[in-house]
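S.K.:
In this note's numbering, the protein residues as written are 185 to 300.
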């Protein structure tokens, strides 16, 4: 399939699965570093509200995602509502309250906003 796609795009090299996966992981890692800096910076003085979602794909693959929402003071007396993906993880065990709570704490702690 990659060979066919390469010929269809004038020999543009399409990265393989490993390169694409590594690029996605690096991009998300950079996103989290920037988010950690922003959320702990001087423009975000208030709390961060969280929304969570857990779902199951197939019989065994469970996933958990957390989105953060906050108000950023972009200039004196000017505020802007911001939202971003705080974390995403695969759950390998039960989706009970204890498991989800631990997953939530791990993701929030990873970007340093447990105090918010």
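Glycine included, C-beta positions come from ideal geometry on N, C-alpha and C.
Taking the Cβ atom as the reference point for each residue, do residue 250 and residue 300 lie within a distance shorter than 8 Å?
M.R.: Taking 8 Å as the Cβ cut-off, residue 250 and residue 300 do not qualify as a contacting pair.
S.K.: Expressed to the nearest angstrom, what Euclidean distance is found between the alpha-carbon atoms of residue 200 and residue 206?
M.R.: C-alpha separation (whole angstroms): 10 Å.
S.K.: Distance check for residue 269 and residue 294, CA to CA, integer angstroms please.
M.R.: The alpha-carbon atoms of residue 294 and residue 269 are separated by roughly 13 Å.
S.K.: Could you tell me whether the segment 238 to 247 touches the segment 207 to 223, using the rule of 3 or more Cβ pairs below 8 Å?
M.R.: They do not touch, by the three-pair rule.
S.K.: How far does the beta strand (DSSP E) with residue 256 in it extend, from its first residue to its last?
M.R.: That run of the beta strand (DSSP E) goes 245 to 259.
S.K.: Please list the terminal residues of the continuous beta strand (DSSP E) segment that includes residue 235.
M.R.: 233 to 241 is the span of the beta strand (DSSP E), which, as asked, contains residue 235.
S.K.: Any idea if residue 259 is buried or exposed, counting beta-carbon neighbours within 10 angstroms, 16 or more meaning buried?
M.R.: Exposed, by the Cβ-count rule.
S.K.: Would residue 291 be called buried (16 or more neighbouring beta carbons within 10 Å of its own) or exposed?
M.R.: The residue in question, residue 291, is buried, as its Cβ has 16 or more Cβ neighbours within 10 Å.
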